[in-house]
Structure formats: C-alpha cells, structure tokens
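Novice:
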Amino acid sequence: MSYLLSDHNSEDADRIKFLIAGFIRETLTEPEQDELDGWVSASEENLLLFEDLTDENDVEENLKFLDKVNTEKALRRIKVKIGMEKKTVRATRLWSYGIAASVILAIGVFAFFKLNRQGRGKDVEKAIVSQPDIAPGGNKAVLTTADGSTISLTDAAKGFLRNEFGTAITKTATGELTYTAGNSPQGTGTTFNTLSTPPGGQYKVVLPDGSKVWLNAVSSLKYPTAFTGPDRTVELTGEAYFEVTKNRVLPFKVKLPDASVVEVLGTSFNVMTYGDEINQQTTLIEGSVKLSRSNKEIIIKPGEQALVDKEGKLSINRSVNIGEITAWKEGNFDFRNASIETIMRQVQRWYDVEVVYQARINHEFTADVSRGEPVSQLLRLLELTNRVHFKIENKRIYVLP
Numbered sequence: 001m002s003y004l005l006s007d008h009n010s011e012d013a014d015r016i017k018f019l020i021a022g023f024i025r026e027t028l029t030e031p032e033q034d035e036l037d038g039w040v041s042a043s044e045e046n047l048l049l050f051e052d053l054t055d056e057n058d059v060e061e062n063l064k065f066l067d068k069v070n071t072e073k074a075l076r077r078i079k080v081k082i083g084m085e086k087k088t089v090r091a092t093r094l095w096s097y098g099i100a101a102s103v104i105l106a107i108g109v110f111a112f113f114k115l116n117r118q119g120r121g122k123d124v125e126k127a128i129v130s131q132p133d134i135a136p137g138g139n140k141a142v143l144t145t146a147d148g149s150t151i152s153l154t155d156a157a158k159g160f161l162r163n164e165f166g167t168a169i170t171k172t173a174t175g176e177l178t179y180t181a182g183n184s185p186q187g188t189g190t191t192f193n194t195l196s197t198p199p200g201g202q203y204k205v206v207l208p209d210g211s212k213v214w215l216n217a218v219s220s221l222k223y224p225t226a227f228t229g230p231d232r233t234v235e236l237t238g239e240a241y242f243e244v245t246k247n248r249v250l251p252f253k254v255k256l257p258d259a260s261v262v263e264v265l266g267t268s269f270n271v272m273t274y275g276d277e278i279n280q281q282t283t284l285i286e287g288s289v290k291l292s293r294s295n296k297e298i299i300i301k302p303g304e305q306a307l308v309d310k311e312g313k314l315s316i317n318r319s320v321n322i323g324e325i326t327a328w329k330e331g332n333f334d335f336r337n338a339s340i341e342t343i344m345r346q347v348q349r350w351y352d353v354e355v356v357y358q359a360r361i362n363h364e365f366t367a368d369v370s371r372g373e374p375v376s377q378l379l380r381l382l383e384l385t386n387r388v389h390f391k392i393e394n395k396r397i398y399v400l401p
C-alpha cells in the first residue's frame with residue numbers, strides 16, 4: 001500500500017481534488033481539463049490514483065469522498081493499490097481491445113478515461129473493426145542491376161542471385177541482401193546497383209564493405225557493387241538507417257536529392273529525405289557526421305539532428321529523441337506530440353494507402369504501436385482521444401473530426 005500526494009501541499013491537494021471531482025461531474029473547462037491531464041500524465045502514481053477515483057463502479061462514493069476532503073492530511077489517506085493486482089486490472093482495462101502496444105496520449109489521458117467510463121470505448125472499436133482492415137507492410141524490394149535488369153526480392157528464392165563483376169549478390173536465409181566482393185573485382189570502371197522499396201516495403205542490405213543499411217518504405221539506395229574509389233559513396237532517396245563499417249582511409253558519403261552530402265568515417269545514423277516532410281533530417285546515433293550543402297557544412301554529435309529546410313537552410317536540433325527517430329527500424333511507430341498530418345504521412349507510406357482529410361485536427365498525439373499490426377490498431381488508439389476519427393474505404397483512409 002502506498003500513500004499518494006504526500007509531496008503536495010494543502011493548496012495543491014485541494015486543487016487536484018477539485019479537478020478530479022469536476023472531471024467526474026463533467027463540469028471542467030478546457031483549461032481545467034488540460035491542467036488535470038498534465039497532472040495525470042506526470043507520474044505512474046498520479047495515473048493510478050486518477051483511475052481509482054474515476055472508477056465507474058464507485059462514482060457516487062468517490063464524489064462523496066472528494067466533496068468532504070478539504071485538507072492535505074485527509075487527502076494523504078487516499079490509498080491506492082500499486083501491487084500486481086492493481087496493475088493487472090489497469091492493463092486489462094487499458095488494452096481490453098487486444099491492442100499489442102503501449103500508449104500515453106499526451107492530449108487525451110482524461111479523454112480516454114472519460115470515453116472508457118461512459119462506455120464509448122467499445123463503440124469506437126466496433127466502428128473501426130466493422131470496416132475493411134488494411135494489412136501492414138513487410139520486406140518488399142526490387143533490385144536493379146548494372147545492366148538495367150530487375151529482380152523482385154519479394155519473390156526471389158533465398159540463396160545466390162548473381163555475380164556482378166566479381167561481386168557475389170545473395171539473398172540470405174533471413175531475407176537480407178548481401179554483397180561479397182572478390183579479391184580482385186573484374187572489369188574496369190564502377191558498376192552500380194539500386195535497391196528500391198515500394199509503399200509498404202522495407203529491406204536490409206549489407207554493402208560490399210560490410211556496412212549495413214535498412215531502407216524504409218518508398219525509398220531507394222544506389223551504390224557500387226565494389227568500393228574501389230577514393231571514398232564509399234551511395235545515393236539515397238526516402239529514408240534509411242546506416243551502420244557504417246569504420247575505415248579512416250575511405251570516408252563513407254551519402255548523397256541526398258537536394259545535393260546535400262552526409263560524410264562519415266564509421267558511425268550509426270538515420271537519414272530521412274522524403275519530399276513531403278517539412279525538413280530533411282540526418283540524426284546521429286553514434287560517431288560523427290558532417291553534412292554539407294552549397295559550400296556550407298555543419299557537424300553534429302550523437303543525439304543531435306542536422307536539418308535542411310525547403311529553402312536549403314542548415315540548422316541543428318540538439319534535443320532529439322533517438323527512439324522516436326529509429327522506431328521504424330525496430331518495427332514500431334513512435335509518435336511524440338505529433339500532428340495528425342505527421343502520423344498519417346507515415347501511415348500512408350507503410351500501409352500503401354491514400355489519406356483524405358475531411359477536417360483539420362489541431363491536436364498533437366503521442367503513441368507507440370507495432371508496425372506489424374493492421375492499420376486499425378493505430379487508428380483505434382487515436383480515436384480513443386475523441387479528438388479524431390477515421391473511416392476506411394478500400395485503400396483510402398478518411399480523417400474525420
């Protein structure tokens with residue numbers, strides 16, 4: 001057993017009591033709801049206390065209790081079970097819809113409990129599930145070889161694919177594309193391959209130097225079949241995560257669509273260059289990265305992000321959540337205070353759908369969901385805020401108020 005709000009003074013305790021009672025009675029103003037939401041999301045204990053006091057089975061009793069609580073001392077006597085039994089109940093309630101995800105909805109903690117308490121959560125689920133669902137993307141890609149021929153890696157059998165001027169190209173048992181250069185690459189000049197992913201596709205390639213690249217949906221990577229020049233240069237459109245093999249003699253360079261160049265010696269970083277995004281982003285996980293464009297350059301440290309806006313201006317974001325940026329590589333969506341447009345751009349690329357907006361949604365959302373789930377799982381979570389709704393028709397998703 002734990003005593004909550006022991007760190008709050010009497011004035012704070014009375015304010016919290018007022019907000020929770022107002023929430024139950026549905027008399028809070030919008031600013032008061034925002035204030036309560038901020039307190040609830042501040043800690044696990046606050047969330048558990050809030051859940052306990054807004055339990056639909058004890059509404060009348062809780063209101064009577066809150067109405068007579070006037071002091072910090074009395075409020076400290078509120079006991080909330082934080083043991084396994086309580087946590088299990090909470091998990092069952094929160095994820096009774098069978099959603100394999102964890103989510104804290106930054107703008108909608110109070111809205112979620114309000115929906116749940118009023119019995120609207122199941123109605124929301126029923127509305128989404130009754131419509132055709134859309135399956136997630138997967139390992140899909142096309143390889144274009146030096147002579148212009150194409151190989152569907154989605155359909156190709158695992159094993160040796162072909163030899164390109166002394167370099168063996170193989171699809172591994174785990175579905176990765178690998179290049180193994182011979183001791184003496186045959187032929188003269190440099191030959192290139194291009195790996196392309198469609199909407200709903202992703203793929204991993206191991207380059208001839210051992211560097212690993214994860215390619216996100218609607219992306220392409222052009223690279224030589226053997227690194228024989230003064231550097232290791234590849235060209236990227238879309239988004240990719242790189243783990244570059246260290247080589248102080250041969251720098252690794254990534255050319256981007258706007259003529260920017262990312263240069264490293266050996267490091268891990270993520271590059272996002274989608275044309276429909278506000279900025280081009282290069283996020284450094286470890287090592288060192290230099291981004292250059294039009295005779296200007298910036299160097300970023302781990303945990304920082306180099307940005308290039310539509311006008312070509314370079315800047316550094318020094319406050320980056322790495323988990324959010326690289327979630328796609330780990331098979332997840334990770335949204336932190338994201339606009340609905342930001343979320344739906346990722347949905348559009350991964351689920352290969354068209355998104356139609358029938359309302360402007362001026363709210364931000366935070367959610368963590370597996371990319372391996374059908375699209376309804378993510379939409380269902382967002383709908384629980386009661387700030388946005390969706391309709392699915394074939395491969396089209398409508399965004400509704």
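The working numbering numbers the first residue of the sequence shown as 1 and each following residue consecutively.
Glycine included, each C-beta is placed from N, C-alpha and C at the ideal position.
(1) Val388 and Leu382: beta carbons closer than 8 angstroms?
(2) Quick check on the DSSP output: what are the complete beta strand (DSSP E) runs of length 3 or more inside the region 151–182, in order along the chain?
(3) Verify whether the separation of the beta carbon atoms of Leu402 and Thr267 is less than 8 angstroms.
(4) According to DSSP, simplified to helix, strand and coil, what is Arg396?
(5) Going by DSSP in three states, Lys17 sits in which element: helix, strand or coil?
(6) Whose C-alpha, out of Gln348, Arg371 and Ile316, is nearest the C-alpha of Val399?
(7) By Cβ distance, which residues of its chain are closer than 8 angstroms to Ser219, with the 5 residues on each side in sequence left out?
(8) In whole angstroms, what is the alpha-carbon distance linking Leu265 and Leu256?
(9) Please state whether DSSP places Pro31 in a helix, a strand or coil.
(10) Residue range of the alpha helix (DSSP H) that Arg349 falls in?
(11) Taking the alpha-carbon of Pro418 as reference, which of Leu19, Ile24 and Ala42 has the nearest alpha-carbon?
(12) Count the other C-beta atoms from every protein chain shown that fall within 10 angstroms of the C-beta of Ala13, then say buried if there are 16 or more, exposed otherwise.
(13) Can you tell which of Asn337, Ala173 and Ser149 has its C-alpha closest to the C-alpha of Val320?
(14) Leaving aside the five residues before and after Lys296 along the sequence, list all residues of the same chain whose C-beta is less than 7 angstroms from its C-beta, in chain order.
(15) Considering only residues of the same chain and omitting the five flanking positions on each side of Lys391, which have a CB-CB separation below 8 angstroms?
(16) Does the distance from the CB of Trp328 to the CB of Arg360 come in under 8 angstroms?
(17) Put Ser219 into one of helix, strand or coil per three-state DSSP.
(18) Which value, in whole angstroms, describes the spacing of the CA atoms of Leu384 and Leu36?
(19) For the candidate residues Leu28, Leu53, Asn216 and Thr144, whose alpha-carbon lies nearest to that of Lys222?
(20) Which partner residues of Ile316 appear in the DSSP bridge assignment?
(21) With distance defined between alpha-carbon atoms, name the residue in Lys171, Thr167, Ile278 and Phe269 nearest to Thr228.
(22) On the premise that Ala173 lies in contact with Lys158, defined as a C-beta separation below 8 angstroms, what is that separation, rounded to the nearest angstrom?
(23) Work out the CA separation of Ile340 and Asn163 for me, nearest whole Å.
(24) Counting only beta-carbon separations shorter than 8 angstroms, does Asn394 have a partner in chain D?
(25) State the Cα-Cα distance for the pair Thr150 and Glu286, rounded to the nearest angstrom.
(26) Could you work out which residue in Phe242, Ile169 and Ile298 is closest to Phe160 when comparing CA atoms only?
(27) Note the first and the last residue of the continuous beta strand (DSSP E) segment covering Gln281.
(28) Tell me, which residues are paired with Phe335 by DSSP?
(29) Can you list, in chain order, the residues of its chain with a C-beta nearer than 7 angstroms to that of Gly175? Leave out the 5 residues immediately preceding and following it.
(30) What residue from Tyr274, Asn279, Asn247 and Val289 has the CA that sits closest to Val254's CA?
(31) What residues are listed by DSSP as bridge partners for Asn193?
(32) Quick one: grab the DSSP three-state call for Glu330.
(33) Helix, strand or coil, according to DSSP, for Ile325 in the structure here?
Specialist: In brief:
(1) By 1-based counting over the sequence shown, the position of residue 388 is 388. By 1-based counting over the sequence shown, the position of residue 382 is 382. Taking 8 angstroms as the Cβ cut-off, Val388 and Leu382 qualify as a contacting pair.
(2) 159–164, 167–171 and 177–181
(3) Because the chain spans 1 through 401 in this model, residue 402 falls outside it and cannot be assessed.
(4) Numbered from 1 along the sequence shown, position 396 holds the residue referred to as residue 396. Reduced to three states, the DSSP call for Arg396 is strand.
(5) What you label residue 17 is simply residue 17 of the sequence shown in a count that begins at 1. Of the three classes helix, strand and coil, the one that applies to Lys17 here is helix, per DSSP.
(6) Locating residue 399 in the sequence shown gives position 399, counting from the first residue. Nearest option by C-alpha distance: Gln348.
(7) As a first step, residue 219 is located in the sequence shown; it is residue number 219 there, counting from the start. Same-chain partners within the cutoff: Ser196, Thr197, Leu236, Thr237, Gly238, Glu239 and Ala240.
(8) By 1-based counting over the sequence shown, the position of residue 265 is 265. By 1-based counting over the sequence shown, the position of residue 256 is 256. If I take the Cα positions, the gap works out to 17 angstroms.
(9) Along the sequence shown, read from residue 1 onward, the residue named residue 31 stands at position 31. Correct three-state label for Pro31: helix.
(10) As a position in the sequence shown, residue 349 is number 349, starting the count at 1. Note, Arg349: alpha helix (DSSP H), Ile340 to Tyr351.
(11) Outside the modelled stretch of the chain, which goes from 1 to 401, sits residue 418, for which no answer is possible.
(12) Taking the first residue of the sequence shown as position 1, residue 13 is located at position 13. Under this definition Ala13 is a buried residue.
(13) Translated into positions along the sequence shown, residue 320 becomes position 320. Out of Asn337, Ala173 and Ser149, Asn337 has the C-alpha closest to the C-alpha of Val320.
(14) Counting from one through the sequence shown, the residue named residue 296 turns up at place 296. Closer than 7 angstroms at the Cβ level, and outside the excluded window around Lys296, lie Leu314.
(15) Against the sequence shown, residue 391 aligns to sequence position 391. Closer than 8 angstroms at the Cβ level, and outside the excluded window around Lys391, lie Gln131, Ile397, Tyr398 and Leu400.
(16) The sequence position of residue 328 within the sequence shown is 328, counting from 1. The sequence position of residue 360 within the sequence shown is 360, counting from 1. Against a cut-off of 8 angstroms, the Cβ pair of Arg360 and Trp328 comes out as no contact.
(17) Here residue 219 refers to the residue found at position 219 when the sequence shown is read from its first residue. Strand at Ser219.
(18) Working through the sequence shown from its first residue, we reach residue 384 at position 384. Working through the sequence shown from its first residue, we reach residue 36 at position 36. Distance between the alpha carbons of Leu384 and Leu36: 17 angstroms.
(19) Residue 222 sits at position 222 when you count from the first residue of the sequence shown. Here the closest residue by C-alpha is Thr144.
(20) To locate residue 316, count along the sequence shown from 1; it is residue 316. DSSP lists Ala306 as partners of Ile316.
(21) Numbered from its first residue, the sequence shown carries residue 228 at position 228. For the residues Lys171, Thr167, Ile278 and Phe269, the minimum Cα distance to Thr228 belongs to Thr167.
(22) Working through the sequence shown from its first residue, we reach residue 158 at position 158. Working through the sequence shown from its first residue, we reach residue 173 at position 173. So it is a contact: roughly 6 angstroms between Cβ atoms.
(23) Sequence index remark: in the sequence shown, residue 163 carries index 163 (1-based). Sequence index remark: in the sequence shown, residue 340 carries index 340 (1-based). Near 46 angstroms, if we compare the C-alpha coordinates of Ile340 and Asn163.
(24) Chain labels in this structure do not include chain D; a single protein chain is all it has.
(25) Along the sequence shown, one-based indexing puts residue 150 at 150. Along the sequence shown, one-based indexing puts residue 286 at 286. Near 35 angstroms, if we compare the C-alpha coordinates of Glu286 and Thr150.
(26) As a first step, residue 160 must be located in the sequence shown, where it is residue number 160. Here the closest residue by C-alpha is Ile169.
(27) Position 281 of the sequence shown holds residue 281. Residues Gln280 to Glu286.
(28) Stepping through the sequence shown from its first residue, residue 335 is reached at position 335. Phe335 pairs with Ala367.
(29) Reading the sequence shown from its first residue, position 175 is the one you call residue 175. So the list reads Asn139, once near-sequence residues are dropped.
(30) Residue 254 sits at position 254 when you count from the first residue of the sequence shown. Here the closest residue by C-alpha is Val289.
(31) The count along the sequence shown starts at 1 and reaches residue 193 at position 193. DSSP, once it has assigned bridges, lists Tyr223 as partnering Asn193.
(32) One-based indexing of the sequence shown puts residue 330 at position 330. Reduced to three states, the DSSP call for Glu330 is helix.
(33) The sequence position of residue 325 within the sequence shown is 325, counting from 1. Here Ile325 sits in helix by DSSP.
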